[in-house]
Amino acid sequence: MQNVLRVDWKIPLGLLALSAIPCAAGIARLIGLVGIVNADSERFLASPLITWLHIVAASLFCLLGALQFSADLRRHFPRWHQVAGRVVAASGVLAALSGMWMAARFAIPAAMQGSLLLGVRLVVGAAMAVAIVLAVQAALNRNMAAHRAWMVRAYALGQGAGTQVVLLLPWMLTLGPPSALQRDVLMSLAWLLNLLIAEKIIHGRLLGSFHFYKEIF
779 MQNVLRVDWK IPLGLLALSA IPCAAGIARL IGLVGIVNAD SERFLASPLI
829 TWLHIVAASL FCLLGALQFS ADLRRHFPRW HQVAGRVVAA SGVLAALSGM
879 WMAARFAIPA AMQGSLLLGV RLVVGAAMAV AIVLAVQAAL NRNMAAHRAW
929 MVRAYALGQG AGTQVVLLLP WMLTLGPPSA LQRDVLMSLA WLLNLLIAEK
979 IIHGRLLGSF HFYKEIF
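Heads up, the sequence shown is in the working numbering, so the first residue is 779 and it goes up one at a time.
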């Protein structure tokens, strides 16, 4: 029993840690919206409501979603899991759609978003929203295997910002700032890496993932 609980909390805590830097950056961005206007914050001030919506929704999805991976919470507080799941699903769809809007409509400098990253962001946002809708539909149909598979995929896509930090930070510390194309590629690889890990978890090909995956819901 002790071992199961240790494994049960290992993944949620890891996901919370992965969410920490992007969520902190988002909070700093929100604070900046009510502070001094500069070139970096100008594009966000053009549509502050969308910016607030995206940051709050994405933070809720990542932080509250991480706790959904706890079998212990699911087992002892099933009603909490259901209510929190609805919040996670709604915030995930809002984060995906607002993220697509920001990628397409904001005046993002080419050094921060080229054509490659724009296309990837639009595809990822659409895929994340569709995955959540399919997960909700599966839950309503009592197909819990499909429900958890689609939610794992959606969460993997929603955690792209966390993995981007993991990939970009070592690059910057060792090689310096990446070029625009290198940045686009690294950020795109983060989503691909997350999705590959999600598929391996779903199909039980990661060490210990089958037991963890069966215990999630």
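All C-beta atoms, glycine included, are put in the ideal place defined by N, C-alpha and C. The model shown is predicted, which means the values in this text are computed figures rather than measured ones.
Here D850 is exposed. Its C-beta has fewer than 16 other C-beta atoms within 10 Å. Cβ contact annotation for V943 (same chain, cutoff 6 Å, sequence separation greater than five): I799, in chain order.
By the criterion of a C-beta distance shorter than 8 Å, R864 is surrounded by no residue of its chain, once the five residues flanking it on both sides are discounted.
Between the C-alpha atoms of L974 and L842 there is a straight-line separation of about 22 Å.
When secondary structure is reduced to three states using DSSP, F855 falls in the coil class, being assigned neither helix nor strand. In this chain, G982 is not harboured by any alpha helix (DSSP H), its DSSP state being neither H nor E.
Contact annotation: the stretch 950-960 does not touch the stretch 923-936, with fewer than three C-beta pairs closer than 8 Å. When secondary structure is reduced to three states using DSSP, N919 falls in the coil class, being assigned neither helix nor strand. Counting C-beta atoms within 10 angstroms of its own C-beta, H925 has 16 or more neighbours from the protein chains shown and is therefore classed as buried. At a Cβ-Cβ threshold of 8 Å, A873 and F839 count as neighbours.
A direct Cα-to-Cα measurement between W787 and I980 gives close to 18 Å. Inter-residue distance for A917 and G804 is about 31 Å (C-alpha atoms, whole angstroms). Here the alpha carbon of N972 sits roughly 10 Å from the alpha carbon of K978. A844 and L794 do touch by the CB rule: their CB atoms are close to 5 Å apart, below 8 Å. With fewer than 16 neighbouring CB atoms inside 10 Å of its own CB, F855 falls in the exposed class. By the beta-carbon neighbour count (other beta carbons within 10 angstroms, threshold 16), M950 is exposed. Here L796 is buried, its C-beta having at least 16 other C-beta atoms within 10 Å. Linking A923 to L875 through their CA atoms gives a straight-line distance of about 26 Å. Nearest C-alpha to I910 among G870, L894, V901 and A835: G870. Annotated three-state conformation of S966 is helix, per DSSP. Taking all protein chains in view, the Cβ of L935 is crowded by 16 or more other Cβ atoms within 10 Å, so the residue is classified as buried.
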